[in-house]
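Student: If you read the sequences in order, they're chains A and B. Oh and the first sequence: position 276 is 276 in my numbering, straight run, nothing missing. Here my numbering runs 1000 ahead of the position in the second sequence, where the first position is 1. Pasting a structure here, questions to come.
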Amino acid sequence: MSEQEVKNLEEIFEARIARDEKIEPKDWMPEKYRKTHIRQISQHAHSEIIGMLPEGNWITRAPSLRRKVALLAKVQDEAGHGLYLYSACETLGISRAELYEQLHSGKAKYSSIFNYPTVTWADMGAIGWLVDGAAIINQVPLCNTSYGPYARAMVRVCKEESFHQRQGFEIMLSLCNGSEEQKAMAQDALNRWWWPSLMMLGPVDAESVHTEQSMKWKLKRKTNDELRQQFIDQTVPQAELLGITVPDPDLKWNEETGHYDFGEIDWDEFWQVVKGHGPCNKERMDARVNAWEEGTWVRDAAMAHAEKKNIKVAKAS
Amino acid sequence: MEKNWPLWEIFVRSKNGLEHRHFGSLHAADAEMAMENARDVYTRRSEGVSIWVVESINITASNPADNGELFEPAQDKVYRHPTFYNLPDEVKHM
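If you want it as structure tokens, here you go:
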């Protein structure tokens, strides 16, 4: 294709997106659109898969059967969300094997929030309430994104996500209405998860390298800072309802702007965790790679069995 | 010796009386496993009463580049629609 032809196609493509038309897998798309989507969708899928680990830690120790079935169902949903997203990503011409390879080799990233440890049961409450809360704020606008398979996967994800947040908040509520020790446990979890949850919504707009292009392609419909403000505005009253304190001395309602002002985020910590130096990066990666490697014989056996059956069927006919 | 599991397309009938609709895809070694996985991945909340699984390589899809010749000819055939025909108002339901 000549340069001029590509340019024409690009113009038609940009016009389609501007008209809010969806792009489907076999449609022509600029290489950069394809690559950016592979990066974002796979990162999202990897986050769902790694995100099962911190919560999996508490399934066997859930305090009641009610909590246990809920947590199990939530973790199973996350596996499902990972699978919807991997499938959506594969429609862009990358194989599942390549996607896993990128995760296991550290080439692809996942949400850095999952590199923090889950040390008490209250962390299950805080994760559902805050981490899933932030995720929902991130994900709802994506139901309208320009790439059809991604938008469709996100519709399904968002439908299922609201139970996750509600079960987390209910855990926090029970703890806050419990003994002094239980309430202290809830406060401690909020203290540890508050700032990482704010970081989860991404670097400040001025430093976000992908925001501008992603907004244009409707891969992103609100900037990181807008999403973060929305998260804070909606979460602070919920903390008040629980009767616990958001660990930010600078947090204050601003009558003029109609939003909460908040303190400085420690971005050094964020980048340290992104670069692999968080408290659990190594543990998460090891768990994931082990699961994959130790499952090799199962995958091979299933494939061998399928092939053997096919041969039998072919001989019989 | 690793061989990757093939990709399957999953179609689900959400209730009797409705058609099967494409829900997504997944990897599985064979049809039986594709069915079991489809049940776990796509119908965790009673989304369906029937599932079809089809190996993706068996689907032949039209190419968007051919959309002109495939679909445009239908556009100027307005006489295929009931509103093309002029009837007096007295004919109420037809």
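For every residue, glycine included, the Cβ atom is placed at its ideal position computed from N, Cα and C.
Could you check the C-alpha separation between A:N290 and A:E21 for me, to the nearest Å?
Tutor: Locating residue 290 of chain A in the first sequence gives position 290, counting from the first residue. Locating residue 21 of chain A in the first sequence gives position 21, counting from the first residue. Approximately 42 Å between the Cα atoms of the pair.
Student: Name the residues in the region 1028 to 1043 of chain B whose C-beta lies less than 7 Å from a C-beta of chain A; which are they?
Tutor: Within the region 1028 to 1043 of chain B, the residues whose Cβ lies closer than 7 Å to some Cβ of chain A are A1029, D1030, M1033 and V1041, listed in chain order.
Student: Taking buried to mean at least 16 other C-beta atoms within 10 Å of its own C-beta, is A:T60 buried or exposed?
Tutor: Numbered from its first residue, the first sequence carries residue 60 of chain A at position 60. Label assigned to A:T60: exposed.
Student: Is A:G263 close to chain B, meaning its C-beta is less than 8 Å from at least one C-beta of that chain?
Tutor: Numbered from 1 along the first sequence, position 263 holds the residue referred to as residue 263 of chain A. No, because no Cβ of chain B sits closer than 8 Å to the Cβ of A:G263.
Student: Is A:P63 closer than 8 Å to A:W129 when the C-beta atoms are compared?
Tutor: Here residue 129 of chain A refers to the residue found at position 129 of the first sequence. Here residue 63 of chain A refers to the residue found at position 63 of the first sequence. Cβ atoms of A:W129 and A:P63: not closer than 8 Å.
Student: With distances taken Cα to Cα, identify the nearest neighbour of A:N254 among A:D248, A:F262 and A:P247.
Tutor: Working through the first sequence from its first residue, we reach residue 254 of chain A at position 254. Among A:D248, A:F262 and A:P247, the Cα nearest to that of A:N254 is on A:F262.
Student: By alpha-carbon positions, which one of B:T1060, B:I1051 and B:A1029 ends up nearest to B:E1019?
Tutor: To locate residue 1019 of chain B, count along the second sequence from 1; it is residue 19. For the residues B:T1060, B:I1051 and B:A1029, the minimum Cα distance to B:E1019 belongs to B:I1051.
Student: CB-CB under 7 Å to B:M1035, same chain, minus the five flanking residues each way: which ones, in chain order?
Tutor: As a working mapping, residue 1035 of chain B is identified with position 35 in the second sequence. Once the five neighbours on either side are set aside, the close Cβ partners of B:M1035 are I1051 and V1053.
Student: Go ahead and pull the three-state DSSP assignment for A:I232.
Tutor: Within the first sequence, residue 232 of chain A is the residue found at index 232, counting from 1. A:I232 falls in the helix class under three-state DSSP.
Student: Given that A:Y84 touches chain B, what residues does it touch there, using C-beta distances under 7 Å?
Tutor: If you number the first sequence from 1, residue 84 of chain A lands on position 84. Chain B residues near A:Y84: G1024.
Student: Might you give, ordered along the chain, the residues of its own chain that have their beta carbon closer than 7 Å to the beta carbon of A:V140, omitting 5 neighbours on each side?
Tutor: Residue numbering aside, residue 140 of chain A sits at position 140 when the first sequence is read from its first letter. Only C158 meet the Cβ criterion.
Student: Determine, using beta carbons only, whether B:A1029 and A:M185 come nearer to each other than 8 Å.
Tutor: Counted from its first residue, the second sequence places residue 1029 of chain B at position 29. Counted from its first residue, the first sequence places residue 185 of chain A at position 185. Taking 8 Å as the Cβ cut-off, B:A1029 and A:M185 do not qualify as a contacting pair.
Student: Taking C-alpha atoms, which residue in A:N138, A:K26 and A:C176 lies nearest to A:G202?
Tutor: Your numbering for residue 202 of chain A matches position 202 in the first sequence. Out of A:N138, A:K26 and A:C176, A:N138 has the C-alpha closest to the C-alpha of A:G202.
Student: Work out the CA separation of A:D77 and B:M1094 for me, nearest whole Å.
Tutor: As a first step, residue 1094 of chain B must be located in the second sequence, where it is residue number 94. As a first step, residue 77 of chain A must be located in the first sequence, where it is residue number 77. Their backbone Cα atoms lie some 50 Å apart in a straight line.
Student: Please identify, using Cβ separations under 7 Å, the residues of the region 1051 to 1072 of chain B that lie next to chain A, in order along the chain.
Tutor: Flagged, chain order: A1061, N1063 and P1064.
Student: Got a sec? Which residues, its chain only, sit under 6 Å from A:H104 by beta carbon, not counting five neighbours each side?
Tutor: Numbered from 1 along the first sequence, position 104 holds the residue referred to as residue 104 of chain A. V289, listed in sequence order.
Student: Please list, in chain order, the chain A residues whose beta carbon lies closer than 9 Å to that of B:N1004.
Tutor: Taking the first residue of the second sequence as position 1, residue 1004 of chain B is located at position 4. Going along chain A in sequence order, the residues near B:N1004 (Cβ under 9 Å) are S95, R96, A97, R299 and M303.
Student: Relative to the C-alpha of A:S214, which candidate in A:A15, A:Y33, A:W28 and A:N8 has its C-alpha closest?
Tutor: Taking the first sequence and counting its residues from 1, one reaches residue 214 of chain A at position 214. The option with the nearest alpha carbon to A:S214 is A:Y33.
Student: Mark A:I12 as exposed unless 16 or more other C-beta atoms lie within 10 angstroms of its C-beta, in which case mark it buried.
Tutor: In the first sequence, the residue the question calls residue 12 of chain A occupies position 12. So A:I12 ends up on the exposed side.
Student: Grouping DSSP H, G and I as helix and E and B as strand, with all else coil, what is B:H1081?
Tutor: One-based indexing of the second sequence puts residue 1081 of chain B at position 81. In the structure shown, B:H1081 sits in coil (DSSP, three-state: anything other than H, G, I, E or B).
Student: Verify the CB distance criterion: does A:A62 have a CB-CB separation below 8 Å to chain B?
Tutor: Stepping through the first sequence from its first residue, residue 62 of chain A is reached at position 62. A:A62 does not count as touching chain B.
Student: To the nearest angstrom, how far is it from the Cα of A:T118 to the Cα of A:M199?
Tutor: As a first step, residue 118 of chain A is located in the first sequence; it is residue number 118 there, counting from the start. As a first step, residue 199 of chain A is located in the first sequence; it is residue number 199 there, counting from the start. Straight-line Cα distance between these residues: approximately 17 Å.
Student: Could you compute how far the alpha carbon of B:E1153 sits from the alpha carbon of A:S162?
Tutor: In the structure as shown, chain B starts at 1001 and stops at 1094, and residue 1153 of chain B therefore has no counterpart that could be examined.
Student: Would you report the Cα separation of B:K1077 and B:Y1085, rounded to the nearest angstrom?
Tutor: Within the second sequence, numbered from 1, the residue matching residue 1077 of chain B stands at position 77. Within the second sequence, numbered from 1, the residue matching residue 1085 of chain B stands at position 85. Approximately 13 Å, taken between the alpha carbons.
Student: So A:Y150 and A:Q43 are in contact, right, with Cβ under 8 Å, and what is the actual spacing, rounded?
Tutor: Taking the first residue of the first sequence as position 1, residue 150 of chain A is located at position 150. Taking the first residue of the first sequence as position 1, residue 43 of chain A is located at position 43. Rounded, the Cβ-Cβ distance is 12 Å, inconsistent with contact.
Student: Give me the residue from A:P30, A:V131 and A:S95 with the minimum Cα distance to A:M52.
Tutor: Here residue 52 of chain A refers to the residue found at position 52 of the first sequence. With distances taken between Cα atoms, A:M52 lies closest to A:V131.
Student: To the nearest angstrom, report how far apart B:M1001 and A:W297 are at their CA atoms.
Tutor: Looking up residue 1001 of chain B in the second sequence gives position 1. Looking up residue 297 of chain A in the first sequence gives position 297. Low confidence applies to B:M1001: its pLDDT is 49, below 50, so where it sits in the model is not reliable enough to give any reading.
Student: Going by the CB atoms, is the gap between A:T211 and A:K220 shorter than 8 Å?
Tutor: Sequence index remark: in the first sequence, residue 220 of chain A carries index 220 (1-based). Sequence index remark: in the first sequence, residue 211 of chain A carries index 211 (1-based). Their beta carbons are under 8 Å apart, which means A:K220 touches A:T211 by this criterion.
Student: Any beta carbon of chain B sitting closer than 8 Å to that of A:S174?
Tutor: In the first sequence, residue 174 of chain A corresponds to position 174, counting from 1. It does not: the Cβ of A:S174 has no partner Cβ on chain B nearer than 8 Å.
Student: Under a Cβ-count criterion, where at least 16 other Cβ atoms within 10 Å of its own Cβ denotes burial, should B:F1071 be classed as buried or exposed?
Tutor: As a first step, residue 1071 of chain B is located in the second sequence; it is residue number 71 there, counting from the start. Counting Cβ neighbours within 10 Å, B:F1071 comes out exposed, since fewer than 16 surround it.
Student: Whose C-alpha, out of A:G243, A:G125, A:K216 and A:K252, is nearest the C-alpha of A:I232?
Tutor: Residue numbering aside, residue 232 of chain A sits at position 232 when the first sequence is read from its first letter. Of the candidates A:G243, A:G125, A:K216 and A:K252, the one whose C-alpha sits nearest the C-alpha of A:I232 is A:K252.
Student: Tell me whether A:L241 is buried or exposed, calling it buried when 16 or more other Cβ atoms sit within 10 Å of its Cβ.
Tutor: Counting from 1 along the first sequence, the entry for residue 241 of chain A is found at position 241. Exposed.
Student: Using the beta-carbon count (16 or more within 10 Å), is A:Y147 buried or exposed?
Tutor: For the purposes of this step, residue 147 of chain A is taken as residue 147 along the first sequence, with counting starting at 1. Classification for A:Y147: buried.
Student: Hey, out of A:S95, A:E55 and A:L9, whose CA is closest to B:H1027's CA?
Tutor: Numbered from 1 along the second sequence, position 27 holds the residue referred to as residue 1027 of chain B. Closest option to B:H1027, Cα to Cα, is A:S95.
Student: Mind listing the chain B neighbours of A:A306? Cutoff is C-beta to C-beta under 7 Å, in chain order.
Tutor: Translated into the one-based positions of the first sequence, residue 306 of chain A becomes position 306. Per Cβ cutoff of 7 Å: A1029 and D1030.
Student: From A:E269 to A:S112, what distance separates their C-alpha atoms?
Tutor: Position 269 of the first sequence, counting from 1, holds the residue named residue 269 of chain A. Position 112 of the first sequence, counting from 1, holds the residue named residue 112 of chain A. Their backbone Cα atoms lie some 10 Å apart in a straight line.
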